[in-house]
Each structure stands twice: as C-alpha cells, then as structure tokens.
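Here this note's numbering is used: the first residue of the sequence shown is 6, the next is one more, and so on.
The beta-carbon is built from N, C-alpha and C at its ideal position, and this holds for glycine as well.
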Amino acid sequence: FYLPPMRVALVTVYAHPGCTLKDVAGGFGTVFEVGTSWRARLLERAKSKVAALPTLALGYLAAQLRRAGHEVIVHDVSGTDRVPPVDAAIVLTSIVDAEVERTLMGDLRARGVRTFAIGAYASARPSFYARAADVVVVGEAEALGAEVLDLADGIAHVGDVADLDALPYPDWRGFAVESFRYAFLAHLRPTLPIGSARGCAYGCGYCPWRVTARFRERDPAHVAREVAHQSARFGTRAFAFRDPLLNLDRDRVRALAKHLRPLGVRFSAEMRAARLDGALLEEL
C-alpha cells in the first residue's frame, strides 16, 4: 500500500494566556494561573519566562514524517488562530486545553482535514475525542511513525516504542527553537528537550507518569550522539532531559555523564533524591 506525500500539520493548542506546559504531569499538561492582582500577574509573567519546551513526541513524528516524504507544518494554536491548509492534522491532546482541542478537531474535520488525536489524554480518555477526530491514537504515536497516517477511523491502540534507540533524532526544524528554554538553563537559549528514559519504575500514587508509559531506558552513548548532533545543528549547549526518572540505574547515569562531559553542554534532569549521593552529583 502506497500513501502519496501529504502536507501534515503538527498542532499544539495554547488556550490560556499564561504559562502552559504540555510535556509535564505525565503529558497531561499544566497551566500556571494564580490570580488577577498585579502581584499574581507579575508572578505569572515570571513563570512564563522560566520554561517553554515542546513535547518530544512531536519532534519524533516530524522526523518520521519527513523521512517518509511528507511535508510537515508545525502550528501552535492560540486564540482564534486557524491551522493552515493541510491534508492531515495531528493534534497533541492535554487535560488543560481538552475542550478547545476537541472543538478544533471538529472544525478541521469539517474542512476535510483528516484529523488525529495523540498524547497522554487521548490515550487515557479516547472516548472524549472519538466524535471530533477521525482517529484517536491510544499509546505512543511514534511507535508507528508515518504509518500512523494509514490508521483506519476510530480508536487505534498502537502500543509503545519497544526500542527507544531505534527512533530517529527529533527534528525541530519548523519549531520555535529560539524560544525553547527551561529553568536555570534559560540564559543558554535555545534549550532543547531530550529523552533518555520513559515511564517510571516506581509506583508513587500521586504521580501521573506511572500511568502513562512503561519504564524503558536508552543507551548512554546513543543519547550523547543525539546531544552532539542537536548541538551542532542548532548551536545550543543546553539540554533538558524530559525523563520522569533519570537515575534509576546509577551505572547508566555515570556512563551518561562520561559521554556528555567532552561535549561541553549543560543539562537539567528530574531524579529521585534517594538515589543520589555526593560522588554521583560530582560526576554529573
């Protein structure tokens, strides 16, 4: 079966004026809004300067779609923005903008655009988007890559990526790379996201990551090669690891530190404090 090249939009909705992060809280997203006073507005403005990162899945899909010969349009929707003319639209879903996302998908379908819902919330609540999108993807869309466009209408269970190292490097062309930033690496913009592990091996009841993906890790040498590639391509020395848990395996973390050290980059990561010690911190 041959699918001719298509013009595909990767769409993220930002319906709130403040700081909205989609690649947090298990991929369900958060919005930082704390009030209407001038102090609250000042705090919200400061928060919006701290972090702005895309979801890794979109970078992977951009690479996979382009590799298959498709044209990729990256489009962030806010307010009354309209997605430009495309053949298909892959819409990232979240809790925080779910209603707007669903309305957008319905509008796209009405325009004849084949519409796909992906992401953590679509996987957790596929029925919420079932009448709005042509296809609701349950699982990790990059497990199929460009073949996601071949899926039949309805709810599609695609599983997850078995081998993270087999994925191509995320392709951030067309994204607002110059605006990417994260926490204390912000002054080293652009800060690029990178993943060396998915899911979490712990079962903390308060954490949404545990219900969105099983635990998998990448080879440290392969991660370092991606860092070197992206650093050379985009001229950045700052990387934000989006792993829910970087330091389950201390030997792996030590190997990662060894491979990263010659590259002269800075990075941030989320780790379990009980698995850290002075020696490991010094290596990192």
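Taking the C-alpha atoms as reference points, what is the distance between residue 127 and residue 49?
Walking along the sequence shown from the start, residue 127 turns up at place 122. Walking along the sequence shown from the start, residue 49 turns up at place 44. Approximately 28 Å, taken between the alpha carbons.
Would you grab the beta carbon distance between residue 246 and residue 184 for me? Rounded to a whole angstrom, and I think it's under 8 Å.
Indexing the sequence shown from 1 puts residue 246 at position 241. Indexing the sequence shown from 1 puts residue 184 at position 179. With a Cβ gap of about 19 Å, residue 246 and residue 184 do not count as contacting.
Hey, residue 61 and residue 198 are a contact pair by Cβ (cut 8 Å); roughly how many whole angstroms apart?
Numbered from 1 along the sequence shown, position 56 holds the residue referred to as residue 61. Numbered from 1 along the sequence shown, position 193 holds the residue referred to as residue 198. Between residue 198 and residue 61 the Cβ distance is about 6 Å, and since that is below 8 Å, they are a contact.
Less than 8 Å between the CB atoms is what I'm expecting for residue 91 and residue 14, so what's the real figure, rounded?
For the purposes of this step, residue 91 is identified with residue 86 of the sequence shown, where counting begins at 1. For the purposes of this step, residue 14 is identified with residue 9 of the sequence shown, where counting begins at 1. Between residue 91 and residue 14 the beta-carbon gap is near 4 Å, inside 8 Å, which marks them as a contact.
Report yes or no: do three or more beta-carbon pairs, one from the segment 91 to 103 and one from the segment 17 to 37, lie closer than 8 Å?
Yes: the two stretches touch, three or more of their Cβ pairs being nearer than 8 Å.
So, with DSSP's three-state summary, where would you put residue 11?
Working through the sequence shown from its first residue, we reach residue 11 at position 6. Under the three-state reduction of DSSP output, residue 11 falls in the coil class, being neither helix nor strand.
Beta-carbon separation (whole angstroms), residue 203 vs residue 169, contact threshold 8 Å:
Along the sequence shown, one-based indexing puts residue 203 at 198. Along the sequence shown, one-based indexing puts residue 169 at 164. The C-beta distance from residue 203 to residue 169 rounds to 7 Å, short enough to meet the 8 Å contact threshold.
Residue 270 and residue 243 - do their beta-carbons sit closer together than 9 Å?
Working through the sequence shown from its first residue, we reach residue 243 at position 238. Working through the sequence shown from its first residue, we reach residue 270 at position 265. Closer than 9 Å, so yes.
Looking at the strands, I want to know which residues DSSP matches up with residue 81.
Translated into positions along the sequence shown, residue 81 becomes position 76. Partner(s): 17.
Same chain only: Cβ atoms within 8 Å of residue 16, ignoring 5 sequence neighbours per side
For this step, residue 16 is matched to residue 11 along the sequence shown. For residue 16, where only same-chain residues beyond five positions count, the Cβ hits under 8 Å are 80, 81, 82, 88, 94, 95, 96, 97, 109.
Of the choices 12, 143, 261, 209, whose alpha-carbon is the least far from that of residue 225?
The residue labelled residue 225 in the question sits at position 220 within the sequence shown. Selection 12, 143, 261, 209 evaluated against residue 225 yields 261 as nearest (Cα-Cα).
Residue 38 by DSSP, collapsed to three states: which one?
Reading the sequence shown from its first residue, position 33 is the one you call residue 38. It is coil, neither helix nor strand.
Coil, strand or helix - residue 114 by DSSP
Here residue 114 corresponds to residue number 109 of the sequence shown, with the count starting at 1. In the structure shown, residue 114 sits in a helix (DSSP, three-state: H, G or I).
Answer yes or no: do residue 142 and residue 123 have a C-beta to C-beta separation smaller than 9 Å?
As a first step, residue 142 is located in the sequence shown; it is residue number 137 there, counting from the start. As a first step, residue 123 is located in the sequence shown; it is residue number 118 there, counting from the start. Residue 123 is positioned such that its CB atom lies closer than 9 Å to that of residue 142.
How would you write the range of the beta strand (DSSP E) that residue 225 sits in, first residue to last?
Within the sequence shown, the letter at position 220 stands for residue 225. Going by DSSP, residue 225 is part of no beta strand (DSSP E) but of the alpha helix (DSSP H) stretching over 225 to 239.
By Cβ distance, which residues of its chain are closer than 7 Å to residue 176, with the 5 residues on each side in sequence left out?
Numbered from 1 along the sequence shown, position 171 holds the residue referred to as residue 176. Closer than 7 Å at Cβ, skipping near neighbours: 64, 67, 68, 71.
Mapping the DSSP letters down to three states, classify residue 201 as helix, strand or coil.
Looking up residue 201 in the sequence shown gives position 196. Note: residue 201 maps to coil in three-state DSSP.
Taking 6 Å as the limit between beta carbons, can you name the residues of its chain near residue 206, skipping five residues before and five after?
Taking the sequence shown and counting its residues from 1, one reaches residue 206 at position 201. Around residue 206: 220, 253.
By Cβ distance, which residues of its chain are closer than 6 Å to residue 25, with the 5 residues on each side in sequence left out?
Taking the sequence shown and counting its residues from 1, the one referred to as residue 25 is at position 20. Correct list, in chain order: 19, 36.
Give a yes or no on whether the C-beta atoms belonging to residue 174 and residue 234 are separated by under 9 Å.
Residue mapping note: residue 174 aligns to position 169 of the sequence shown, counting from 1. Residue mapping note: residue 234 aligns to position 229 of the sequence shown, counting from 1. By the CB criterion at 9 Å, residue 174 and residue 234 fall inside the cutoff.
Uninterrupted alpha helix (DSSP H) stretches inside the segment 120 to 174 (no shorter than 4 residues):
Listed in chain order, the complete alpha helix (DSSP H) runs (minimum 4 residues) inside the segment 120 to 174 are 125 to 129, 131 to 134.
Quick check on the DSSP output: what are the complete beta strand (DSSP E) runs of length 3 or more inside the segment 28 to 73, in order along the chain?
DSSP runs (the beta strand (DSSP E)) wholly in the segment 28 to 73: 35 to 37.
Can you tell me the Cβ-Cβ gap for residue 58 and residue 28, rounded? I've got them flagged as a contact below 8 Å.
Numbered from 1 along the sequence shown, position 53 holds the residue referred to as residue 58. Numbered from 1 along the sequence shown, position 23 holds the residue referred to as residue 28. Between residue 58 and residue 28 the beta-carbon gap is near 6 Å, inside 8 Å, which marks them as a contact.
Look at the alpha carbon of residue 6 and the alpha carbon of residue 146, and state the distance between them as a whole number of angstroms.
Here residue 6 corresponds to residue number 1 of the sequence shown, with the count starting at 1. Here residue 146 corresponds to residue number 141 of the sequence shown, with the count starting at 1. Because the pLDDT at residue 6 is just 47, under 50, the model does not fix this residue reliably, and the value given afterwards should be weighed accordingly. C-alpha separation (whole angstroms): 20 Å.
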